[in-house]
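**Student:** Here it is: the structure, laid out below.
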Amino acid sequence: MTPTPEIQQRANQLREQLQKASYAYYVLDNPIMEDAVYDQLYRELQELENQYPELISLIVLRNVSVTNLHPSLFRFATISRYTV
């Protein structure tokens, strides 16, 4: 089933809201919405993408350089290497 223009518009709107909220939270360290609201919007987008797989797209962060990303995004597990 092909999504209507209204459904495509809603998916784009949700992506934009989620992108702005993620940027505010992770980069600016200044949340613009409650976690529960973010989760609700994210679930709505997932439901639309499950119903209309052609809506699935990679979310691209615009206007974000690596130097502006929050340090918590770069935490990696320490791996020990054993030689026999």
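Position in the sequence shown counted from 1, then plus 275, gives you the numbering used here.
Glycine included, every Cβ here is placed at the ideal spot set by N, Cα and C.
Using a 10 Å radius around the Cβ and a threshold of 16 neighbouring Cβ atoms, would you call A363 buried or exposed?
**Tutor:** The chain is shown only over 276 to 359; residue 363 falls outside these bounds and no answer can be derived.
**Student:** Roughly how many angstroms separate the alpha carbons of K295 and Y317, rounded to a whole number?
**Tutor:** Rounded to whole angstroms, K295 to Y317 spans 13 Å at the Cα level.
**Student:** Which first and last residues belong to the alpha helix (DSSP H) in which L323 is found?
**Tutor:** Counting along the chain, the alpha helix (DSSP H) containing L323 begins and ends at 310 to 326.
**Student:** At which residues does the alpha helix (DSSP H) containing L289 begin and terminate?
**Tutor:** First-last of the alpha helix (DSSP H) with L289: 280 to 297.
**Student:** DSSP three-state call for L303: helix, strand or coil?
**Tutor:** Looking at L303 - three-state DSSP - the assignment turns out to be coil, as it is neither helix nor strand.
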